[in-house]
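Residue 5 is where the sequence shown starts when you use our numbering, and the numbers rise one by one after that.
Note that beta-carbon positions come from the ideal geometry of N, C-alpha and C, so glycine has one too.
This report refers to the structure that appears directly beneath it.
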Amino acid sequence: MESKPRCQWAGEDPLYQHYHDNEWGKPLHGDQALFEMLCLEGQQAGLSWITVLKKRAHYRQCFHHFDINKVAAMSDEDIEQNLLDKGLIRNRLKLYAIRQNARATLDLQQELGSLDDFLWSFVNHTPIINTPEDMASLPSKTTISDAMSKALKKRGFKFIGSTICYAFMQASGMVDDHVASCYLGKNNE
C-alpha cells in the first residue's frame, strides 16, 4: 500500500489499510450487506476489528455469505459444528447470535420491509460527517447508537449494544469519523 496519511487505527497492515481506504466510513446499503456488517461487529465484542477482518472470508463461507434466509434456517447442529471451527471466533453466544439476528431481520422485514431503511432511519438516511482532530476525541457511543441498540434489542437482536452499534455506524458509513489529518477526512477531500 502506498503511504498516505490515514486514521491511526489503520496501522501498517495492508488488510487494515485496504479496509480503511475502501470500506470504513463509506455508505453501505442492502439488507444482506448491512446484516453481515451488524453480525461481524457483534463478533468483535471484546476483540479488535482486525481479528474479525482476518476471519471475515471464513465467516462468509460458514454462514452462507450472510444470506439472511439461509442463516435463519441454520440448525443448532450447524452452529455447534461452527463452534469447532478454528477459523471462527468460537464463542457460543456470538455464533448463535448470528442466527438469531437473521431471524430478527426476517421479522423486521416482514413488518417494515427493509433492514436498510430501518437502520438508516436513525441518521435520517444521510451520513453524519464528523472531522475529529484525533481518534481520542471520538466517542465510543452516542445517543443515536443508544437508540439504535435499544430498538434492535426490542426486536430480538443480540450482541448489538450501543458501542457495537456505533462501530457498525462507522463501518457502514452512517457516520464518517475519518480524522482531520487522514487523506479521507472531510478537510482533505
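Rounded to a whole number of angstroms, what is the C-alpha to C-alpha distance between Phe172 and Gln114? Rounded to whole angstroms, Phe172 and Gln114 show a C-alpha spacing of 23 angstroms.
Please work out which residues of its chain come closer than 7 angstroms, Cβ to Cβ, to Ser185, disregarding the five sequence neighbours upstream and downstream, and give them in chain order. Excluding sequence positions up to five before and after Ser185, its CB lies within less than 7 angstroms of the CB of Pro9, all in the same chain and listed in chain order.
Close beta carbons around Gly189, own chain, < 7 angstroms, minus the five adjacent residues each side: So the qualifying residues of the chain are Thr135, His182, Val183.
Reference Glu45; option with closest CA among His62, Gly165, Tyr187: The residue with the shortest Cα to Cα distance from Glu45 is Gly165.
Looking at the strands, I want to know which residues DSSP matches up with Asp180. According to DSSP, which records beta bridges pairwise, Asp180 is partnered with Ile133.
Can you tell me whether Ile72 sits near the ligand FMN, meaning its C-beta is under 6 angstroms from at least one heavy atom of the ligand? Summarising the ligand content, the structure contains no ligands, and the ligand FMN is consequently not present.
Given this structure, state the Cα-to-Cα distance separating Leu123 from His69, to the nearest angstrom. Taking the straight line from one Cα to the other gives about 20 angstroms.
For the segment 40–57 against the segment 78–96, do three or more pairs of beta-carbon atoms, one drawn from each stretch, fall closer than 8 angstroms, so that the two count as touching? Yes, the segment 40–57 is in contact with the segment 78–96.
Which term fits Leu38, buried or exposed, when burial requires 16 or more other beta carbons within 10 angstroms of its beta carbon? Counting the other Cβ atoms within 10 Å of the Cβ of Leu38 gives 16 or more, which makes it buried.
Other residues of its chain near Asp120: CB distance less than 7 angstroms, five sequence neighbours each side excluded: Around Asp120: His33, Gly34, Asp35, Leu38.
Checking 7 angstroms against the spacing of the C-beta atoms, do Phe67 and Asn105 come in under that value? Taking C-beta atoms as the reference points, Phe67 and Asn105 fail to come closer than 7 angstroms.
Can you give the Cα-Cα distance for Glu81 and Ala61, rounded to whole angstroms? Rounded to the nearest angstrom, the two C-alpha atoms are 21 angstroms apart.
Mind checking Tyr20: buried by the 16 CB within 10 Å criterion, or exposed? Taking a 10 Å sphere around the C-beta of Tyr20, we find 16 or more other C-beta atoms and assign the residue as buried.
Cβ shell of Lys74 (< 6 angstroms), same chain only, five flanking positions each side left out: Excluding its 5 nearest sequence neighbours in each direction, Lys74 has C-beta neighbours in its own chain below 6 angstroms: His68, listed in chain order.
Local conformation of Phe70 per DSSP, three classes: Note: Phe70 maps to helix in three-state DSSP.
Using DSSP with H/G/I as helix, E/B as strand and the rest coil, what is Lys8? Here Lys8 sits in coil by DSSP.
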